[in-house]
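Position 30, counted from 1, in the sequence shown is what my numbering calls 34; the numbers after and before it change by one each time, with no gaps. For each residue, glycine too, the CB sits at the ideal point set by N, CA and C. Report on one structure; see the data block that follows.
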Amino acid sequence: MPRPLTRREEEHVGLGAVAVVGGGTMGVGIAYVFARAGHDVTVVEPVEQQRRTLVSTFDGALAGALERAKMTRAEAEAMRDRLALVPSTDDLPHGAALAIETVPEQVALKREVLREMEGAEPVVLATNTSAIPIGLLADSLDDPSRFLGMHFFNPVWSLPLVELIHGEATSAATIDLARASVDRLGKESILVADVPGFATSRLDMAAALEAIRMLEDGVASAADIDRAAVLAYRHPVGPLRLSDIVGLDVRLDIARSLEASHGPRFAPPRLLVDKVAAGELGQKVGRGFHDWPDPASTPDASGQDRARDRAHDREA
Ligand SMILES: NC(=O)c1ccc[n+]([C@@H]2O[C@H](COP(=O)([O-])OP(=O)(O)OC[C@H]3O[C@@H](n4cnc5c(N)ncnc54)[C@H](O)[C@@H]3O)[C@@H](O)[C@H]2O)c1
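This is the structure:
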């Protein structure tokens with residue numbers, strides 16, 4: 005039975021500032037859902053072009069929500085006012101209720117960024133890693149009791165799950181705060197032990213890597229492998245199309261990290277390595293296992309991956 009939160013903790017979860025470090029695919033979605041829930045959100049993103057993309061994606065999501073009458077214009081304007089973008093962790097708000105790291109899936113980078121974030125003394129410090137063990141990141145911190153994994157899914161505004169990963173040192177109070185924060189977003193959480201790949205990435209990567217190997221072996225076309233998953237098993241989107249949406253570079257990083265922990269069954273197939281080397285990173289660049297003719301509009305700014313969105317249409 006989780007212990008009740010103190011009033012101060014409740015206030016922090018309910019009203020406190022949220023910091024998101026890394027303004028890419030996940031950063032924008034996480035910023036959106038917290039701004040939607042009424043939090044002031046500061047996003048740290050060092051790359052200027054990426055900051056511009058974030059703003060247009062965020063605005064696109066707002067426009068989509070307005071179009072579908074999911075919010076009023078006044079609410080959309082208030083949400084936009086709650087978003088701040090800064091270039092460096094030096095500009096993080098001090099003592100935020102929650103700070104979430106969403107930089108690329110690389111251990112050394114995440115450790116460095118998390119240390120910088122800890123300097124701003126958030127009440128709860130979280131990583132959105134897909135597969136890196138929390139313990140590996142926690143041992144770079146002065147106070148790992150405040151640290152946990154909060155694994156959101158893409159597109160964040162549509163998918164209802166947040167996987168909470170407790171490290172060995174994570175305190176019960178930190179888990180309670182994170183769970184309460186997820187509840188406030190109207191999402192659901194599961195609590196998972198600190199094993200590489202957690203529950204979700206391990207399942208998802210097993211399917212994705214097998215689908216890529218099937219494509220290499222000439223079993224069927226990319227489109228037909230995806231159709232098999234969708235039409236035979238009612239997956240909302242096939243594993244190759246989903247890989248394009250996630251980003252093949254992200255998939256490759258996760259495969260390498262799972263290979264290191266679980267062995268060769270998670271080794272990245274040659275085709276995945278080659279596609280990343282050729283810059284065919286999926287939806288965000290217009291080409292991956294599939295062609296994405298209009299990458300500027302198709303990335304999932306307003307839940308525009310319709311097949312997936314329809315299946316998970318819980319967006320606020
Ligand atoms: N893409 C997905 O579907 C997905 C789903 C769940 C979890 N994740 C995880 O979320 C994390 C981010 O993934 P993504 O797809 O958003 O990556 P992304 O490459 O789209 O975005 C990462 C952003 O971090 C920024 N960045 C790099 N160094 C930084 C630093 N020192 N300080 C601040 N920002 C910095 C980059 O400029 C980039 O904009 C990864 O750990 C990934 O495994 C991704």
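Heavy atom of ligand 1 within 8 angstroms of residue i beta-carbon
i: N70; result: Sequence inspection shows Leu at residue 70; the Asn mentioned does not correspond to that position. Checking every heavy atom of ligand 1 against the Cβ of L70, none is found closer than 8 angstroms.
i: P137; result: no
i: D257; result: yes
i: E49; result: yes
i: H155; result: yes
i: E125; result: no
i: Q54; result: yes
i: I216; result: no
i: L113; result: yes
i: D253; result: yes
i: T46; result: no
i: A144; result: The sequence as given places Ser at residue 144; Ala does not occur at that position. S144 Cβ: outside cutoff for every heavy atom of ligand 1.
i: P108; result: yes
i: T133; result: yes
i: M209; result: no
i: I249; result: yes
i: T61; result: no
i: V117; result: yes
i: V25; result: yes
i: P31; result: According to the sequence provided, residue 31 is Gly. The question's Pro does not apply to it. Result yes, Cβ under 8 angstroms from ligand 1.
i: T178; result: no
i: G28; result: yes
i: T174; result: no
i: T76; result: no
Assumed close pair residue i, residue j - CB separation to whole angstroms, cut-off 8 angstroms
i: G153; j: P126; result: G153 to P126, Cβ: 15 angstroms. No contact.
i: I229; j: A215; result: 5 angstroms
i: I249; j: S134; result: 14 angstroms between Cβ atoms; not a contact.
i: V34; j: F156; result: Going by the sequence as given, residue 34 is Ile instead of Val. About 6 angstroms; that satisfies the 8 angstroms criterion.
i: E109; j: S261; result: 7 angstroms
i: E220; j: L275; result: 5 angstroms
i: A65; j: H43; result: Contact flag wrong, Cβ pair sits at about 16 angstroms.
i: I136; j: V107; result: In fact, because the Cβ distance is near 11 angstroms, the residues do not count as touching under 8 angstroms.
i: V32; j: T61; result: 5 angstroms
Opening and closing residue of the beta strand (DSSP E) in which residue i lies
i: S193; result: 192 to 197
i: G153; result: 151 to 155
i: L102; result: 102 to 105
i: T131; result: 128 to 131
i: T46; result: 45 to 48
i: E172; result: Segment: none, E172 is in no beta strand (DSSP E) and carries neither H nor E.
i: V117; result: Taken as a continuous stretch (DSSP letters only), V117 belongs to no beta strand (DSSP E), being part of the alpha helix (DSSP H) at 111 to 122.
Opening and closing residue of the alpha helix (DSSP H) in which residue i lies
i: V37; result: 29 to 40
i: H266; result: 252 to 266
i: L58; result: 52 to 71
i: A78; result: 77 to 85
i: A281; result: 274 to 281
i: A23; result: That residue, A23, is in no alpha helix (DSSP H); its beta strand (DSSP E) goes 22 to 25.
i: D143; result: Careful: D143 lies outside any alpha helix (DSSP H) and carries neither H nor E.
i: E220; result: 204 to 220
i: I229; result: 226 to 231
Pair within 9 angstroms by beta-carbon distance, residue i and residue j
i: V48; j: F38; result: no
i: P148; j: T174; result: yes
i: L102; j: S144; result: no
i: I138; j: E167; result: no
i: H294; j: R245; result: yes
i: A88; j: E105; result: no
i: R273; j: L213; result: According to the sequence as given, residue 273 is Pro; it is not Arg. In contact: P273 and L213 (Cβ atoms closer than 9 angstroms).
i: E192; j: P159; result: no
i: P91; j: E52; result: yes
i: T178; j: V254; result: no
i: L189; j: A78; result: no
i: G292; j: L252; result: yes
i: T46; j: D95; result: yes
i: A67; j: T93; result: no
i: E172; j: A142; result: yes
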